[in-house]
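K.L.:
In this note's numbering, the protein residues as written are 13 to 633.
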Amino acid sequence: MKLQKILWPTEGLCTEEKLYLHTNVIDDDFNINRDENHLKSDLNFINRSKVYMMPGGGFSLDKGGKVEFDTYFNGFSIEKWRKYTQVKEVSVNLELQGDVLVTLSSKLFLHGEVLKKELVRQEVHTTERSSYSFPFGNEEKGMLYFEVTALSDGAALYGGYYEDTAIEKPARQPKIGIDICTFKRERYIEKNIGLLNAHVFNNPDSPLQEHLEVFISDNGQTLDIDKLGSDKIHIVRNKNTGGAGGFTRGLMEILKNGNPHGITHALLMDDDITIDTESIEKTYTILSLLKDEYADAFIGGAMLRIDKPNIQVESGASWNAGNLISNKSNLNMNVTWDCLFNEIEEYTEFNAWWYCCFPMDVVSEENLPLPIFIRGDDLEYGLRNMKHLILMNGICVWHEPFENKYSSFLEYYIIRNRLVDNTFHFPDWGKAQLKKAVWGQWRRECKFYRYKNVDLHTRGVRDFLKGVDFFLSTDGEKLHKEIMAAGYKAVPMDQISVPFHYKTYEASRTTKLSILHNIVRKLTLNGYLLPAKHIRIVSMAQVTFPAVWRAKKIVFYDVTANKAFECERSWGQAVAKFFQVLGLTIQIDFKYNKAKKDFLKRGNEIKNIQFWSKYLGLDKQ
13 MKLQKILWPT EGLCTEEKLY LHTNVIDDDF NINRDENHLK SDLNFINRSK
63 VYMMPGGGFS LDKGGKVEFD TYFNGFSIEK WRKYTQVKEV SVNLELQGDV
113 LVTLSSKLFL HGEVLKKELV RQEVHTTERS SYSFPFGNEE KGMLYFEVTA
163 LSDGAALYGG YYEDTAIEKP ARQPKIGIDI CTFKRERYIE KNIGLLNAHV
213 FNNPDSPLQE HLEVFISDNG QTLDIDKLGS DKIHIVRNKN TGGAGGFTRG
263 LMEILKNGNP HGITHALLMD DDITIDTESI EKTYTILSLL KDEYADAFIG
313 GAMLRIDKPN IQVESGASWN AGNLISNKSN LNMNVTWDCL FNEIEEYTEF
363 NAWWYCCFPM DVVSEENLPL PIFIRGDDLE YGLRNMKHLI LMNGICVWHE
413 PFENKYSSFL EYYIIRNRLV DNTFHFPDWG KAQLKKAVWG QWRRECKFYR
463 YKNVDLHTRG VRDFLKGVDF FLSTDGEKLH KEIMAAGYKA VPMDQISVPF
513 HYKTYEASRT TKLSILHNIV RKLTLNGYLL PAKHIRIVSM AQVTFPAVWR
563 AKKIVFYDVT ANKAFECERS WGQAVAKFFQ VLGLTIQIDF KYNKAKKDFL
613 KRGNEIKNIQ FWSKYLGLDK Q
C-alpha cells in the first residue's frame, strides 16, 4: 500500500527546493525556483555539471550527481507511522533509469545532534525506465530517507513513493468532509476549489476521489454557488457570525439529515491558505491505517509562512490560560536538523483550525463549538474534545504570518473569549489575574494613545460578566458590526494628516534608548509626565514603547496594506479610562465568580444545535 509520495517543487504552490530535496550543488545557497518568475518549462538547472530537474518532476543526473531526500516533504517519519498506524514493513519504490547507487538511511535527533545510520546500499543498472522497491528493514527510529547517486551520465530518477508491502488494503475507509468558513475571499476559495477539482474530483487516480467532500459556509454571501458548487462541493449562505459560526455551520451541514454523505472526519481549514492536496491525501492515508487505540485522534497541520515558505510558525499549541505557547515556532524546514526536531512530540492542547482534522464521532447535536465569533473557538473545542494529536512533517498549510496583522476590534474578543475559555478549562484563573490583565491593558494602550482599545477591552469583560444570557440574547452579526465601528480603522496613507516618510517608519522598528533614557521613560510613564514633542510613525502590529517615547501623535502603519490610523496623546482620555477601569474592577469583585458559575452550570445551552439553529437564523428558514 502506498503511504507517501515523493514530491517535487511546483510552480504556483511551493518552489522552495530544500523542502523537497538536497543536491550536491557547488553553491549550497543555490536554490532552484527561488523566484517563480524564473521557473522554466524546459530542464531546470540545479547544478552546472551534475543534476537537472525535468519538467513535471524528477531529475536527470550526470556521473557523480547526487540527490538526497532527508527533507520536510520527502523524509518518512517512521516513529509516528509505527506509533499511530498499522505500518510495519516500509520500502521505497523508485522509478529509475541508468546506472545509479541507491542508499537507504535513517537520521535521528539526539541531544542536539543528528545521528546518521546507513541501512542499505544497492546499485541499479537499467537501460529502460523501471521501478524498484528497496526495503528499509526493521528500523523504528527517526527519519527514513534515501539518496540516489549517478554512477554514469544519463541516469534519471522519475519519481516514487514509500509503501508498506505487507498491507494490501487498509482496515478503515474514512471519508473526509472539508469544512471551510469564508468571508468575501472569493479569490482564495476559487483557487482552492480549482486545486481540489484538478487533483481530486476530476482525477480518477486520486485515492481521495470517493473519500472527500467540501462544505463551505459563505459568511459574506458573495460566492457564486451555481459556478463553484457541485455534487462534491456544497456551499451555503450563512450569517456573518465569524469563524465560530462558519465552521459550526459546516459541521451542522455534515450532520444534517443523519450525515447522508457518510463523512467520518471533518477537516477544518482556513479560507486564505495555500495547500498542497498531498497533505490531505497523507491525512487520509493515516486515518485509514490508525490503530484502534488512536481511532479518536485529531490530525493537525502545521502553519508555514507564505512569504518565507520554509519557515514554520506553529505545529500544535497549548492554551496555557491565555498565555499561548506555540510549539516549534521559527524552525527552518529547509534544514534536516529542524525537520528532525520538529518530529519530537511535545505537550499540546489543540491545533488551530487553519488545518485540523477530527472524527465526526466527536461532533454531535449536543457538542458543537461555542458562539464566540473569533479567537478561541478552535482552542476551546480542542481542549474539550482532543485526546491525541498527530502532527507530522509534510502535513501543513502556508498562511500569511500574524505578525503583520493588526485589528483593533480584536481587543474585545480576545479578553471576552479568554474569560469564557478559562472558565471551562482553567477555572483557577481568578479575579486577581483578571484585574492584573485589565490594568495591564490600560497601561499599555494608554502609552500608545489607543484609548478606544480600552473601551473595547472593558466592554469584553462586562459582556462576560453578564453570563450565558448574554450569548443567548445577542445577535452575533449585529454585535460584530458595533465592535468593528468602536475600534480604530486604518485608512489609505494619503488620508493621514502628517507627511509619511518610510525611513521614519523603518527607524522606529529599531529604536533603542540608553539605560538612562529607559529609566527616565519608565519613571515618566513613557514620557506622559514630560512635554510631548514628536510625531512617530510606527508598526501597527509590532510597536514598542521606546518607539513612541514622548510622542504627541502616533501614526500606526500597516506596511502590508499601506494603510494607517492616527492616535494623539490626551491626558483627559487617559484619566477617564483610568476611572473606567477602576469601575470595572469593582464590578469584577461582585460579578466575576457569579458569571463563572453561570457558564459552568449552563454552558451547554450555547453548545447545542437548537441554540445554533436560532443563532444562525436557520429556525426561520
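Every residue gets a Cβ at the ideal spot worked out from N, C-alpha and C, and that includes glycine.
Here the structure is a predicted model, which means the values were calculated and not measured.
Just to check my reading of the structure: residue 119 and residue 157 have Cβ atoms closer than 8 Å, yes? What is that Cβ distance to the nearest angstrom?
P.N.:
Indeed, because the Cβ distance is near 7 Å, the residues count as touching under 8 Å.
K.L.:
With a CB to CB cut of under 6 Å and the five nearest residues on each side skipped, what residues in its chain are close to residue 412?
P.N.:
Cβ within range, chain order: 318.
K.L.:
Does residue 13 come within less than 8 Å of chain D when only Cβ atoms are used?
P.N.:
The structure shown contains no chain D, having only a single protein chain.
K.L.:
Are the beta-carbon atoms of residue 116 and residue 136 separated by less than 8 Å?
P.N.:
Their beta carbons are not under 8 Å apart, which means residue 116 does not touch residue 136 by this criterion.
K.L.:
Let me check one thing: in DSSP terms, what residues is residue 133 bridge-paired to?
P.N.:
BP columns for residue 133 point to 115.
K.L.:
Hey, how far is the Cα of residue 569 from the Cα of residue 395?
P.N.:
Going by the C-alpha atoms only, they are around 36 Å apart.
K.L.:
On the DSSP bridge assignment, give the partners of residue 110 in chain order.
P.N.:
BP columns for residue 110 point to 138.
K.L.:
Buried or exposed, going by whether 16 or more other CB atoms sit within 10 Å of the CB of residue 86?
P.N.:
Result: buried.
K.L.:
Between residue 476 and residue 333, is the Cβ-Cβ spacing less than 8 Å?
P.N.:
No; because the gap between Cβ atoms is not below 8 Å, this pair is not in contact.
K.L.:
Assuming residue 284 contacts residue 200 (C-beta within less than 8 Å), just tell me the rounded distance between them.
P.N.:
Contact flag correct, Cβ pair sits at about 5 Å.
K.L.:
Verify whether the separation of the beta carbon atoms of residue 408 and residue 281 is less than 8 Å.
P.N.:
In this structure, residue 281 does not lie closer than 8 Å to residue 408 by Cβ.
K.L.:
At the level of alpha carbons, what is the spacing between residue 515 and residue 415?
P.N.:
Approximately 20 Å, taken between the alpha carbons.
K.L.:
For residue 397, which residues in the same chain have their Cβ closer than 6 Å to its Cβ, ignoring the five residues on either side in sequence?
P.N.:
Within the same chain, residue 397 has close Cβ partners 374.
K.L.:
For residue 105, which beta-bridge partners are listed by DSSP?
P.N.:
Bridge partners of residue 105: 145, 173.
K.L.:
Quickly, what does DSSP pair residue 410 with across the bridge? List them, please.
P.N.:
Residue 410 pairs with 286, 316.
K.L.:
How would you label residue 112, buried or exposed, when you count the other beta carbons within 10 angstroms and need 16 or more for buried?
P.N.:
Buried, since its Cβ has 16 or more Cβ neighbours within 10 Å.
K.L.:
In chain order, what residues of the same chain lie with their CB nearer than 6 Å to the CB of residue 73, ignoring the 5 residues before and after it?
P.N.:
Contacts found: 63, 162, 167.
K.L.:
Going by the DSSP bridge assignment, what does residue 565 pair with across the sheet?
P.N.:
BP columns for residue 565 point to 547, 580.
K.L.:
Tell me the DSSP secondary structure of residue 254 in three-state form.
P.N.:
If DSSP states are grouped into helix, strand and coil, residue 254 belongs with the helices.
K.L.:
Under a Cβ-count criterion, where at least 16 other Cβ atoms within 10 Å of its own Cβ denotes burial, should residue 325 be classed as buried or exposed?
P.N.:
Result: buried.
K.L.:
Would residue 227 and residue 266 qualify as a contact pair, given that the criterion is a beta-carbon distance under 8 Å?
P.N.:
In this structure, residue 266 lies closer than 8 Å to residue 227 by Cβ.
K.L.:
Can you find the residues in the same chain that come closer than 6 Å, C-beta to C-beta, to residue 581, ignoring five residues on each side of it along the sequence?
P.N.:
Cβ neighbours of residue 581 beyond the five flanking positions: 461, 544, 564.
K.L.:
Excluding sequence positions up to five away, which residues of its chain have a Cβ less than 8 Å from the Cβ of residue 78?
P.N.:
Closer than 8 Å at Cβ, skipping near neighbours: 35, 36, 62, 63, 159, 160, 161, 162.
K.L.:
What does a CB cutoff of less than 7 Å around residue 198 pick up in its chain, not counting 5 residues either side in sequence?
P.N.:
Around residue 198: 234, 235.
K.L.:
Would you mind stating whether residue 290 and residue 220 have Cβ atoms separated by less than 8 Å?
P.N.:
In this structure, residue 220 does not lie closer than 8 Å to residue 290 by Cβ.
K.L.:
May I ask you to report which of helix, strand or coil DSSP gives residue 52?
P.N.:
Legend: pLDDT at residue 52 = 37, less than 50; position of this residue unreliable, value from coordinates given subsequently. Three-state DSSP puts residue 52 in coil, outside helix and strand.
K.L.:
Scan the region 76-106 and note each continuous beta strand (DSSP E) run of 3 residues or more that stays entirely inside, going in chain order.
P.N.:
Segments of the beta strand (DSSP E) lying fully in the region 76-106: 78-80.
K.L.:
Note down, in chain order, each residue of its chain lying with its Cβ closer than 8 Å to the Cβ of residue 468, except the 5 sequence neighbours on either side.
P.N.:
Around residue 468: 420, 421, 423, 424, 495, 498, 499.
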